[in-house]
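Residue numbers (this note's numbering), protein chains in the order written: chain A, 39 to 503; chain B, 235 to 294.
Right, dumping it as structure tokens:
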């Protein structure tokens, strides 16, 4: 076995530590050293929790020495988007304003659950301000940079999560996805990301954006690790009003199940428009590997994206209304101006968007009576250049920032579970969404795992890291 | 030339909500509001039965 922790998956790290071939402390030190070496370029971390990580790693080593098993993620380093509460840190959520908050007194539920499974938190990660972002750029902390080409965007808003996992600094990270913020950086940074069903994973003690769309989830470089983290974090939580009360539904043991009986369809219409050739190629590779020839039309997807946009802007505005009054100059101007506009959208239009949402959900659930999996682009293109403002889509010049998420928004709008799988095109990777019916993360993960085994989906190693 | 009604709307709603909008921000706020209203119009145009419940349903 390769004893270099840089090269090991989370599951290999945990097995090596439990098997006394490595110590949790040595793995933690190696992660901290990688971060120290590379993060001045990637700019993925905003906070390091080195002392805490070393103490935690020592405790794990002590537990193993005492004959205990610290869990399936024993000694695995991970990091979280800086909208997760981390005890002792102010939850900045990518903003300047939130740095004035009192340090958190308790970790987010998902951090507690990762650590209960043995994982070791090493820090908090860069993100777009208040998660209202698809680029991974941040005016206060600087942009996170794409590990495959540091002149390009990571995607956002969980940009630091994409850079840290794609750049091999940590094997696992957590992020949030309101309209695409896990799936977009997964696509641009060439890694796997899971946006679970809305309500599946607790959001307790994380900073919100759009309450009715917010999801939290993991990033990894392989599907087994993604499932391990997901399994560790499942379960009801009374501290999140939207968290489901379903029993834990572990998937790690199901990944290798045959997918031959699954009915796979390609998303047509809207999802085949506004795409660059690389997105078409990525979807075609996945479709071919899965033997998918059927196309399904998700009805009114453009309207769904529009409704998601409207609900996001007004819920975001409502969340930040008082900060907009008191500290408008401390926002990223681009975020502030969108939120100010969001505060002015008339209420009846928002109510209609929420009613349309119920109609649309019923239509899509009808599709899932005859289909198990829908495949669609995760992003219309590979990562744009940092600072790029527009791109040409179907002959029309459009703003990059607003349009990166056009294929993710109609899916998170109704909370469907999605695994973003990386297709290692050259020179830049791009992701494909594997979409399943609500609560069927197992199906999306099994398909992702099959694509990984076939060599169609893989997290490519960056040349520089 | 007549004033753009959206400018008046931004003035009035901004005041009603006590939102500070400096002159330098106004073009971007207006541009964003135009996008939001255009997209909201797409939703508004879609006919729905009167009985349609919103996605979130209150449970007592």
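By construction, the Cβ of each residue, glycine as well, lies at the ideal position given by its N, Cα and C atoms.
Note down the Cα distance separating residue i from residue j, rounded to an integer number of angstroms.
i	j	result
residue 421/A	residue 101/A	43 Å
residue 40/A	residue 468/A	Its pLDDT being 46, under 50, residue 40/A is placed unreliably by the model, and the measurement read from it follows with that caveat. If I take the Cα positions, the gap works out to 28 Å.
residue 242/B	residue 265/B	14 Å
residue 293/B	residue 117/A	36 Å
residue 242/A	residue 453/A	18 Å
residue 418/A	residue 445/A	7 Å
residue 438/A	residue 428/A	5 Å
residue 171/A	residue 424/A	13 Å
residue 47/A	residue 195/A	25 Å
residue 134/A	residue 368/A	6 Å
residue 189/A	residue 180/A	13 Å
residue 443/A	residue 105/A	48 Å
Start and end of the alpha helix (DSSP H) containing residue i?
i	result
residue 87/A	Where residue 87/A is concerned, there is no enclosing alpha helix (DSSP H), given that its DSSP letter is neither H nor E.
residue 295/A	Premise fails: residue 295/A is in no alpha helix (DSSP H) and is neither H nor E.
residue 378/A	371-380
residue 463/A	Element bounds for residue 463/A: n/a, residue is neither H nor E.
In this structure, how does DSSP classify residue i when only helix, strand and coil are distinguished?
i	result
residue 173/A	coil
residue 490/A	helix
residue 281/B	coil
residue 39/A	Here residue 39/A scores only 45 on pLDDT, less than 50, and its place in the model is too uncertain to base an answer on.
residue 149/A	helix
residue 430/A	strand
residue 201/A	helix
residue 333/A	strand
residue 142/A	strand
residue 454/A	coil
residue 471/A	strand
residue 353/A	helix
residue 303/A	strand
residue 68/A	helix
residue 158/A	strand
Taking Cβ-Cβ distances shorter than 9 Å, what residues in chain B pair up with residue i?
i	result
residue 250/A	289 and 290
residue 347/A	269, 270, 273 and 274
By the DSSP assignment, the beta strand (DSSP E) with residue i in it spans what residues?
i	result
residue 165/A	Element bounds for residue 165/A: n/a, residue is neither H nor E.
residue 46/A	Note, residue 46/A: premise wrong, no beta strand (DSSP E); not H, not E.
residue 191/A	187-191
residue 214/A	210-215
residue 119/A	115-119
residue 392/A	Taken as a continuous stretch (DSSP letters only), residue 392/A belongs to no beta strand (DSSP E), being part of the alpha helix (DSSP H) at 385-405.
residue 226/A	Not the beta strand (DSSP E): residue 226/A falls in the alpha helix (DSSP H), residues 221-227.
By the criterion of Cβ-Cβ separation under 7 Å, what are the contact partners of residue i in chain B?
i	result
residue 351/A	270
residue 211/A	By Cβ distance, chain B contributes nothing, its closest Cβ being about 30 Å from residue 211/A, past 7 Å.
residue 375/A	259, 262, 263 and 266
residue 438/A	Chain B residues near residue 438/A: none, gap ~14 Å exceeds 7 Å.
Interface residues of chain A around residue i at Cβ under 7 Å?
i	result
residue 278/B	387 and 390
Residues of chain A with a CB under 8 Å from the CB of residue i: which are they?
i	result
residue 293/B	Correct list: empty, because the minimum Cβ distance to chain A is about 11 Å.
Compute the minimum distance between the beta carbon of residue i and the heavy atoms of the ligand FAD, and state whether it is under 6 Å.
i	result
residue 286/A	Here there are no bound small molecules, and the ligand FAD is not part of this structure.
Please list, in chain order, the residues of the segment 237-251 of chain B that have any C-beta partner in chain A closer than 9 Å. Residues of the segment 237-251 of chain B with a C-beta less than 9 Å from any C-beta of chain A: 243, 244, 247, 248 and 251, listed in chain order.
Using a Cβ cut-off of 8 Å, which residues of the segment 394-424 of chain A contact any Cβ in chain B, in chain order? Those would be 394, 395, 396, 397 and 399, in chain order.
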